[in-house]
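4 protein chains.
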Amino acid sequence: MAGSTLGTIFKITTWGESHGRGIGVVIDGCPAGVALKEEDIQIYLNRRKPGQSQYTTPRKEDDSVEILSGVFGGRTTGCPISLLVLNENQLSRDYSEIAGYYRPGHADFTFDEKYGFRDYRGGGRSSGRETIGRVAAGAVAAKILEQLGITVMAYTKSIGPVTIQSFDPETITNNPLYMPDADAAKQAQNYLNDCMRKQDSSGGIIECRISGMPTGIGDPVFEKLDANLAKAVLSVGAVKGFEIGDGFAAATLRGSVNNDSFYYDAQGNVKKRTNHSGGVLGGISDGDTIVFRAAIKPTPSISSQQNTVKKSGEDISVSIKGRHDPVIVPRAVVVVESMAALTVLDALMLNMTANIQGICDFYHK
Amino acid sequence: MAGSTLGTIFKITTWGESHGRGIGVVIDGCPAGVALKEEDIQIYLNRRKPGQSQYTTPRKEDDSVEILSGVFGGRTTGCPISLLVLNENQLSRDYSEIAGYYRPGHADFTFDEKYGFRDYRGGGRSSGRETIGRVAAGAVAAKILEQLGITVMAYTKSIGPVTIQSFDPETITNNPLYMPDADAAKQAQNYLNDCMRKQDSSGGIIECRISGMPTGIGDPVFEKLDANLAKAVLSVGAVKGFEIGDGFAAATLRGSVNNDSFYYDAQGNVKKRTNHSGGVLGGISDGDTIVFRAAIKPTPSISSQQNTVKKSGEDISVSIKGRHDPVIVPRAVVVVESMAALTVLDALMLNMTANIQGICDFYHK
Amino acid sequence: MAGSTLGTIFKITTWGESHGRGIGVVIDGCPAGVALKEEDIQIYLNRRKPGQSQYTTPRKEDDSVEILSGVFGGRTTGCPISLLVLNENQLSRDYSEIAGYYRPGHADFTFDEKYGFRDYRGGGRSSGRETIGRVAAGAVAAKILEQLGITVMAYTKSIGPVTIQSFDPETITNNPLYMPDADAAKQAQNYLNDCMRKQDSSGGIIECRISGMPTGIGDPVFEKLDANLAKAVLSVGAVKGFEIGDGFAAATLRGSVNNDSFYYDAQGNVKKRTNHSGGVLGGISDGDTIVFRAAIKPTPSISSQQNTVKKSGEDISVSIKGRHDPVIVPRAVVVVESMAALTVLDALMLNMTANIQGICDFYHK
Amino acid sequence: MAGSTLGTIFKITTWGESHGRGIGVVIDGCPAGVALKEEDIQIYLNRRKPGQSQYTTPRKEDDSVEILSGVFGGRTTGCPISLLVLNENQLSRDYSEIAGYYRPGHADFTFDEKYGFRDYRGGGRSSGRETIGRVAAGAVAAKILEQLGITVMAYTKSIGPVTIQSFDPETITNNPLYMPDADAAKQAQNYLNDCMRKQDSSGGIIECRISGMPTGIGDPVFEKLDANLAKAVLSVGAVKGFEIGDGFAAATLRGSVNNDSFYYDAQGNVKKRTNHSGGVLGGISDGDTIVFRAAIKPTPSISSQQNTVKKSGEDISVSIKGRHDPVIVPRAVVVVESMAALTVLDALMLNMTANIQGICDFYHK
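Residue numbers (the numbering used here), protein chains in the order written: chain Z, 4 to 368; chain E, 4 to 368; chain H, 4 to 368; chain D, 4 to 368.
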């Protein structure tokens with residue numbers, strides 16, 4: 004099955020395993036004329052790189068991106084953009100032990116069941132390194148969105164039981180957990196320190212805001228904008244839930260509370276007094292900020308003892324060796340942001356044929 | 004934009020508005036040889052019909068389905084199956100008032116923004132009647148899943164603040180809210196009675212269990228089984244959140260708790276001691292029951308007074324006339340079940356080419 | 004397998020068998036705001052109706068189309084347009100004989116091999132009636148193309164050995180064979196009369212011209228405009244070949260002859276002195292008239308005696324009963340025209356995101 | 004627009020320009036467990052390499068392929084296979100002259116019209132080097148087809164006016180033109196020598212035979228096997244026509260001649276006495292050898308003088324410099340073969356869900 008391609012017009016195809024030759028992505032359908040250089044992409048990749056703080060794995064990976072095609076004279080040509088990140092030290096370790104058993108919470112077992120065997124080196128295709136392709140493509144999408152006045156911003160909303168109580172965008176990049184609340188960030192670090200002492204890991208919640216969205220983006224039935232955001236975000240490993248606007252809380256509300264009233268602002272534009280909807284009504288953007296959240300499970304690789312099975316038929320107890328992230332939420336922030344950028348851009352491009360007038364105007368008739 | 008088609012192999016295309024000539028679906032890619040008659044589909048449609056209890060709109064709609072193609076001699080032929088439900092009394096009302104303003108919580112405004120105008124009669128394409136096509140197709144998918152030993156069962160987990168405390172599958176169809184806990188069902192009815200007295204509405208949560216799933220279904224990257232379930236479920240109007248397994252709760256857990264241990268059962272099969280994963284690991288089914296939840300917002304149509312705007316430029320206050328569902332959760336149960344069935348069946352069909360051995364066996368070489 | 008959907012943005016899904024309840028098509032992705040009424044479509048359907056002359060089957064089929072959805076107040080809404088043509092007298096005949104053997108040149112055998120059985124009534128899904136959905140959708144596409152100044156015109160280039168020697172567009176609709184050369188039309192009728200006397204049938208060639216095409220439409224690699232035209236046209240039953248511009252003749256030419264020279268016309272536009280290319284260079288429209296041809300095989304249903312097999316295991320000799328078209332070319336003209344219109348429209352819509360400037364202009368930033 | 008992806012299950016995405024960093028392809032949906040090494044692919048690439056004879060460009064390009072992902076322990080893993088061919092000497096020439104004018108018969112003009120500018124170095128994305136990705140992927144497809152007993156074999160049927168009169172498969176690789184008729188090959192070489200002396204080029208026809216095909220492959224409506232072959236073959240640059248079986252000749256035949264009679268062979272299998280159909284009936288394989296032809300136009304790059312225009316607004320006369328293939332037919336043989344292999348394999352994979360019995364058997368229920 005072909006499951007490594009996403010998007011209808013702005014279409015990306017990712018490839019690569021954690022310990023193969025490299026990781027890459029082909030972006031097809033990128034409009035011509037976008038100024039693009041490797042640094043534009045590298046900035047995004049650096050945000051997901053390991054080793055940024057004590058709360059991420061200290062593994063050394065430079066993740067330098069190279070543009071192999073689709074850019075000429077500093078601008079995209081409209082032809083596929085192939086981006087490559089070579090893996091370093093991919094032969095450096097002995098994976099023979101991990102090859103024989105199934106790590107709890109990982110996809111080792113399901114890969115074997117599906118394909119008959121698996122590339123067991125460091126997670127293979129289901130490694131977190133798979134997200135490199137997503138982020139590289141997301142950086143390109145974000146460049147285009149910027150030209151349309153659209154900003155996608157994700158951050159950490161909670162780590163384990165610690166949730167932000169305030170929102171200061173400046174603070175996000177001032178703490179290693181990408182939280183917009185300095186106090187919560189401190190508490191969360193304390194919580195994580197405790198997890199690490201206990202050889203355990205933590206989950207958390209990422210929130211994402213898309214501002215500057217035009218109205219009318221997304222489709223009414225299966226291709227609802229929120230449905231596509233949900234798919235894009237749930238397709239990231241470790242994500243176990245998605246909600247938009249009030250999300251699960253809306254289930255407990257009454258209609259009189261949950262409905263957002265419309266009004267005309269001073270410029271005569273239709274606005275909503277509240278944003279319970281999260282910026283989408285009937286699958287279509289309503290002009291308000293799109294707000295959604297993703298639930299991230301705790302890192303499954305922990306060094307405390309766990310029960311599992313060997314492929315050869317025995318029950319065993321294991322401790323996952325290696326240096327793993329005690330929490331992947333901070334590094335996943337830019338991944339969620341990228342998935343949102345890709346989804347929104349594709350919807351914007353698809354929307355251009357919604358009305359015959361727009362088509363006629365385009366072709367000057 | 005073409006947003007009314009879902010699926011890669013088992014592909015459905017729905018059409019129709021609430022007050023047009025009818026509602027329909029074309030199922031393309033249904034395998035030949037499936038025994039199918041109209042009653043198989045009607046049973047599912049009856050579960051979403053209005054007028055089943057005091058908690059659903061008392062509108063009279065028979066929703067009789069007709070098979071127009073793709074079935075010959077009582078069996079599917081492998082060619083597209085066209086299913087039609089004619090609308091009754093579609094000309095019976097004056098919609099001129101609703102035509103002029105934007106109902107809060109509805110897609111009136113976003114449709115106008117996207118398309119320039121809208122079919123304002125009773126919600127048009129964004130009406131709940133749009134789900135008829137989904138349910139009709141879901142009934143066909145469920146027939147096929149049955150032959151593979153797979154059962155999809157959805158039910159109401161909560162109504163407003165009232166959540167089930169026990170699970171008795173027999174109870175589900177014994178109360179008008181489709182809750183598997185008789186006590187909770189009673190409390191929920193009391194809660195709804197209160198909502199209705201206050202001319203208000205309620206949201207709730209639907210849970211769905213898919214049992215009998217083979218291992219290995221779903222894909223590792225963008226086409227993760229849970230990502231596709233999320234999209235399918237979020238594509239249903241009024242759904243604001245999706246979670247699988249422990250979902251948002253997993254964000255608060257530690258890895259040592261959230262990981263499911265593997266063991267060998269008496270028959271030598273790999274099993275998990277717990278099911279925090281919700282039956283999916285790395286986007287691929289792990290053989291356990293798939294468990295997910297959908298958050299449903301309160302019905303936006305309420306008769307209590309609300310502020311909104313007229314298209315012509317004035318702020319107004321309105322009370323939505325007509326007889327609406329005080330809660331759509333009970334009627335949405337079969338819709339969620341249908342979306343799950345469609346998603347799982349498509350994934351099962353796509354999975355058949357995962358391994359060269361399976362292909363060679365199929366072609367007898 | 005789902006093989007009844009065509010197109011990426013302007014997407015059609017057809018359904019129906021020759022002797023089921025009816026034939027239909029769902030058009031998804033049609034832009035909102037297109038004026039559309041049933042007569043617009045009926046005009047196209049009438050061109051493929053049987054009984055127009057002695058050279059088409061005298062069967063009586065009205066093929067009246069009904070718009071079931073997607074049009075409100077005389078304009079398309081942007082939501083799926085469901086079109087229905089009910090079959091008449093679909094129970095009128097005994098098909099038990101044909102059920103038992105495989106008609107030479109038909110798909111009876113291959114359907115049985117693929118699906119295990121078939122709807123044997125009058126060809127089922129592989130009947131020529133399947134093209135009704137194509138033509139109905141093609142009529143809608145043509146309406147939109149008209150607004151963009153694009154005209155698609157097909158006609159008969161040859162019938163058996165008789166090929167047109169001149170081209171007068173006025174003549175096309177003045178003879179029952181839709182040939183633009185009155186003399187050739189007469190010779191072709193003589194030829195067909197002879198075929199009919201001998202209980203035999205004839206093939207022919209349809210040529211199609213698309214004028215008014217903007218430059219730049221189509222994609223450089225797999226989605227070349229000519230490749231998509233080829234697929235669309237070859238997907239019509241009985242078509243055995245496709246060529247664009249000089250086509251197969253180009254294989255015999257030298258580059259110095261086949262290359263079209265560019266020059267600037269008086270208005271300063273780049274033009275070609277010749278059109279060997281057929282209006283497409285590198286898969287992209289070059290602004291010249293697109294010219295392609297489709298080879299149509301002779302009608303396989305003939306009443307002269309043929310050898311074949313019964314499904315039950317015997318070799319037999321048969322004479323196909325019923326009143327069949329001695330040549331399907333004239334009725335296929337509008338089908339080819341429709342497939343071209345659908346293909347070109349989808350390419351035009353896809354082209355709108357080719358350049359970032361166009362996207363920015365669209366969103367007024 | 005995203006036009007560099009082909010296939011539904013066995014899906015390939017190509018990228019790269021003639022003078023960028025390299026050319027590549029990502030194969031997604033390849034079944035796990037296929038033995039694959041770089042040599043398997045290199046053999047195919049060597050067949051399209053330049054410099055094989057005096058009738059191909061003497062440019063030196065090694066076109067060494069590297070497998071970057073998707074293969075582990077010598078077998079495919081079911082994950083995307085990324086194949087890379089680095090370009091050599093990509094900076095070696097001054098393209099400033101070619102940058103300013105439009106070469107006749109090339110896509111320079113249409114690229115500029117579509118995208119606003121182009122990568123003018125050696126043809127960029129529309130260079131013949133783009134086919135490297137197709138051939139690399141085709142080699143993988145062919146490996147799988149081999150396991151299913153299916154062989155795809157293409158060869159040169161004609162060069163300019165010289166057509167084969169006999170068919171000896173052994174001869175194909177014994178002459179530089181890949182013709183199965185040694186006498187014709189000699190005449191064709193004489194013809195080409197004359198073309199080259201006149202600084203001109205030649206077209207030709209490639210024929211392809213697919214043997215060992217099971218019956219029942221392909222779909223009845225838009226996804227007819229022959230329609231997909233047509234699209235795949237026409238998507239190769241320079242192809243101007245496609246025909247299957249009798250093709251254009253069928254247009255001149257009568258039904259009594261063109262119909263293939265069925266009979267039972269000694270083993271009780273249904274066979275056809277002739278193969279006018281070319282192995283496909285109603286879009287579905289009939290068990291006979293699939294035979295199709297592709298018309299290739301003469302190489303547009305010729306060194307004799309041609310008229311054209313500069314982008315800056317002047318009419319000029321040019322002679323295309325550089326050393327070009329006087330005919331691309333011999334090098335295109337393996338490209339056509341690859342496109343056929345890719346198309347047939349995807350259809351075989353899609354066919355596995357045609358009947359419920361096959362699905363139930365697969366899942367052992």
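Backbone N, C-alpha and C fix where the C-beta goes; we use that ideal spot for every residue, glycine too.
Partner residues on chain D for residue i, Cβ-Cβ distance less than 9 Å
i	result
Ile15 (chain E)	By Cβ distance, chain D contributes nothing, its closest Cβ being about 15 Å from Ile15 (chain E), past 9 Å.
Chain E within 8 Å of residue i, Cβ atoms only
i	result
Ser259 (chain Z)	yes
Of the residues the options, the one placed nearest residue i, counting alpha carbons only
i	options	result
Ile359 (chain D)	E:Ser129, E:Ser67, E:Glu149	E:Glu149
Phe114 (chain Z)	E:Pro303, E:Gln308, E:Pro217	E:Pro217
Ser341 (chain H)	H:Tyr58, H:Ile319, H:Tyr158	H:Tyr158
Asp229 (chain E)	E:Ala350, E:Ile147, E:Tyr123	E:Ala350
Leu87 (chain D)	Z:Lys313, Z:Ser72, Z:Tyr266	Z:Ser72
Gly325 (chain H)	H:Gln45, H:Thr59, H:Gly27	H:Thr59
Asn90 (chain E)	E:Ala269, E:Gly76, E:Asp65, E:Arg106	E:Asp65
Leu9 (chain Z)	Z:Ala102, Z:Asp122, Z:Val338, Z:Ile30	Z:Ile30
Buried or exposed (CB count within 10 angstroms, at least 16 for buried), residue i
i	result
Pro164 (chain E)	exposed
Arg383 (chain E)	Only positions 4 to 368 of chain E appear in this structure, which leaves residue 383 (chain E) out of reach.
Asp263 (chain Z)	buried
His367 (chain E)	exposed
Lys63 (chain H)	exposed
Arg137 (chain D)	buried
Proximity test, Cβ basis, 8 Å: residue i and chain Z
i	result
Ile209 (chain H)	no
Tyr181 (chain E)	no
Ser288 (chain D)	no
Ala191 (chain H)	no
Gly36 (chain H)	yes
Gly77 (chain D)	no
Beta-carbon neighbours of residue i, restricted to chain E and to distances below 8 Å
i	result
Cys82 (chain H)	Ser7, Trp18, Glu20, Asp122, Gly127, Arg128
Interface residues of chain E facing residue i [CB-CB closer than 7 Å]
i	result
Val29 (chain H)	Thr16, Trp18, Val29
Amino acids of chain H, ordered along the chain, whose beta-carbon sits closer than 9 Å to that of residue i
i	result
Cys198 (chain D)	Arg257, Gly258
Residue i at chain D interface by Cβ criterion, 8 Å
i	result
Leu39 (chain Z)	no
Listed by chain order, chain Z residues near residue i by CB distance under 9 Å
i	result
Leu151 (chain H)	Ile362, Cys363, Tyr366, Lys368
Val336 (chain E)	In chain order: nothing, as chain Z lies at least about 14 Å away.
Chain H within 8 Å of residue i, Cβ atoms only
i	result
Ser214 (chain D)	no
Ile247 (chain D)	yes
Tyr105 (chain D)	yes
Any chain A beta carbon closer than 8 Å to residue i
i	result
Ile359 (chain H)	The structure shown contains no chain A; the protein chains it does contain are Z, E, H and D.
Listed by chain order, chain D residues near residue i by CB distance under 8 Å
i	result
Ile147 (chain E)	Ile359, Ile362
Gly273 (chain H)	It is worth fixing the name first, because residue 273 (chain H) is Val in this sequence and not Gly. Under the 8 Å cutoff, chain D gives Tyr105, Phe112, Val312.
Name, going along the chain, the residues of the stretch 218-230 of chain D whose beta-carbon falls closer than 7 Å to a beta-carbon of chain H. Thr218, Gly219, Asp222, Pro223, Val224, Phe225, Glu226, Lys227, Asp229, Ala230
Taking Cβ-Cβ distances below 8 Å as the criterion, which residues of the stretch 341-356 of chain H are in contact with chain Z? Listed in chain order, the positions of the stretch 341-356 of chain H with a beta carbon within less than 8 Å of a beta carbon of chain Z are Leu351, Met352, Leu353, Met355, Thr356.
Between the stretch 297-311 of chain E and chain Z, which residues of the former have a C-beta closer than 7 Å to a C-beta of the latter? Ala298, Ile299, Lys300, Pro301, Thr302, Pro303, Ile305, Ser307, Gln309, Asn310, Thr311
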